[in-house]
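Written out below as structure tokens is the structure these notes cover.
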Amino acid sequence: MRTEIFYFSGTGNTLALTKKLGAKLGNTKISSIAELYGQPIKIETQIIGIAFPAYAFGLPRIVQGLVKRLEIPENVYIFALCNSGGVPGNPFRQLERLLKVKKRKLAAEFSLVMPSNYLPFGGPGTLEEQQEQFAFSESKIEEAALMIQQQKYGKLQKRSRIPCFLSNVVHKLFLSRTGKAAKKFRVNERCNSCGICVRVCPSSNIRLDENSRPEWSECCEQCMACIQWCPQKAIQIRRVPERYPRYHHPEVLVSEMFLRDDSSTKRD
Ligand SMILES: Cc1cc2nc3c(=O)[nH]c(=O)nc-3n(C[C@H](O)[C@H](O)[C@H](O)COP(=O)(O)O)c2cc1C
Ligand code: SF4
Ligand code: SF4
1396 MRTEIFYFSG TGNTLALTKK LGAKLGNTKI SSIAELYGQP IKIETQIIGI
1446 AFPAYAFGLP RIVQGLVKRL EIPENVYIFA LCNSGGVPGN PFRQLERLLK
1496 VKKRKLAAEF SLVMPSNYLP FGGPGTLEEQ QEQFAFSESK IEEAALMIQQ
1546 QKYGKLQKRS RIPCFLSNVV HKLFLSRTGK AAKKFRVNER CNSCGICVRV
1596 CPSSNIRLDE NSRPEWSECC EQCMACIQWC PQKAIQIRRV PERYPRYHHP
1646 EVLVSEMFLR DDSSTKRD
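Using the working numbering, the letters of the sequence shown correspond one by one to residues 1396 to 1663.
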């Protein structure tokens, strides 16, 4: 069965899992949500997947936007693949609500744990812990692929124990501050003006100023990509200790994170 998986990824965890799942399923197109920004999307496959990291117990804003723009014919099998630092909250409920508006249902959901990329909360754990998470998540990808191939309904794990109202409150607050989040970002003297931060930003929120230093606008997604992929570790967040280790998925290349065509990615 032809499948299309739409993914959003700041530091490569979601991309790595999506690629693995796509390879297991076969006949699968993998589409970057960041590259499809703003466009209506007509689904032409029998199966679709939406893959994303949990943000503040819910869906990233850019993923909400994508789901709203999807035109999904009846009888399409829809699954979701969420990954998080271990406390995903209720992103599947939020997704179900968005699909309900379109009279569509979420058939299956998979929640995996990966190293956390949220810098303000510290690091991603030791290398040993990370390896354990990768190995466990990969085994779950195998199970997920089987369920999807058989178009089964269900989930591999229990849903979050965090009450929905609480995750909604935290998530709403997060969304209200997301656009301007980069106001807290600072660049130091280690910056060598390589421009990688500009190229990995999924929301075209960064440009190099007249001194070839990054300058942030107000449409941040808080994905941490600019900070985590900077080869000089030159970007800091105000009040977050500089010593916190940087992280990106070890099997993902920075070039895979570049937007293919920056100029076509327009923000609202
Ligand atoms: C803004 C932000 C919010 C996050 N919120 C949560 C959260 O509520 N619960 C959690 O377990 N992990 C949270 N994380 C961690 C990510 O979900 C996790 O590291 C994910 O694997 C990152 O995927 P990526 O590498 O594809 O971007 C958050 C990360 C970011 C950047
Ligand atoms: S990625 Fe780092 S070194 Fe490169 S331009 Fe951005 S801040 Fe400077
Ligand atoms: S400015 Fe940085 S954190 Fe914000 S969306 Fe762009 S890459 Fe992500």
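All C-beta atoms, glycine included, are put in the ideal place defined by N, C-alpha and C.
Residue 1448 is bridged by DSSP to 1478.
The alpha helix (DSSP H) runs of length 4 or more contained entirely in the stretch 1578-1602 are, from start to end of the chain, 1591-1595. Look at residue 1501 here: in three-state DSSP terms it is coil, with no helix or strand label. The C-beta distance from residue 1595 to residue 1649 rounds to 7 angstroms, short enough to fall under 8 angstroms. Nearest to residue 1545 by alpha-carbon distance, out of 1404, 1473, 1629, is 1473.
Excluding residues up to 5 positions away in sequence, 1484, 1485, 1486, 1489, 1562, 1566 lie with their Cβ nearer than 7 angstroms to the Cβ of residue 1453 in the same chain.
Counting of Cβ neighbours within 10 angstroms places residue 1416 among the buried residues, the total reaching 16 or more.
Between residue 1600 and residue 1614 the beta-carbon gap is near 5 angstroms, inside 8 angstroms, which marks them as a contact. Restricted to the stretch 1404-1441, the alpha helix (DSSP H) segments that are unbroken, complete and at least 4 residues in length are 1408-1420, listed in chain order.
Between residue 1467 and residue 1553, the alpha-carbon positions lie close to 27 angstroms from each other. Taking C-beta atoms as the reference points, residue 1471 and residue 1438 count as a pair closer than 8 angstroms.
In terms of Cβ geometry, residue 1513 and residue 1619 form a close pair [threshold 8 angstroms]. When distances are taken from the beta-carbon of residue 1632 to the heavy atoms of ligand 2, even the shortest one reaches 7 angstroms or more. For the pair residue 1444 and residue 1409, the CB atoms are not nearer than the 8 angstroms cut-off. A direct Cα-to-Cα measurement between residue 1633 and residue 1592 gives close to 18 angstroms. Secondary structure note for residue 1401: its beta strand (DSSP E) is the uninterrupted segment 1398-1402.
For residue 1452, the distance from the CB to the nearest heavy atom of ligand 1 is below 7 angstroms. Residue 1405 and residue 1480 have their C-alpha atoms roughly 13 angstroms apart. Selection around ligand 2 by beta-carbon proximity, strictly under 6 angstroms to any non-hydrogen atom, yields 1582, 1586, 1587, 1588, 1589, 1590, 1591, 1592, 1609, 1625, 1627, 1629, 1630 in chain order. The Cβ-Cβ distance between residue 1597 and residue 1616 falls below 8 angstroms. In this structure, 1458 is the residue among 1424, 1560, 1458 with its C-alpha nearest to the C-alpha of residue 1434. With respect to the C-alpha of residue 1442, the residue from 1587, 1521, 1421 having the closest C-alpha is 1421. DSSP places residue 1551 outside both helix and strand once states are collapsed to three, so it counts as coil. By the neighbour-count criterion, in which 16 or more other beta carbons inside 10 Å mark a residue as buried, residue 1531 falls on the exposed side.
Around the beta-carbon of residue 1516, fewer than 16 other beta-carbon atoms lie within 10 Å, marking it exposed. Annotation for residue 1396: 1441, 1442 place their beta carbon closer than 6 angstroms to its own, counting only its chain and skipping 5 residues before and after. In chain order, 1627 place their CB closer than 7 angstroms to the CB of residue 1587, counting only its own chain and leaving out the 5 sequence neighbours on each side.
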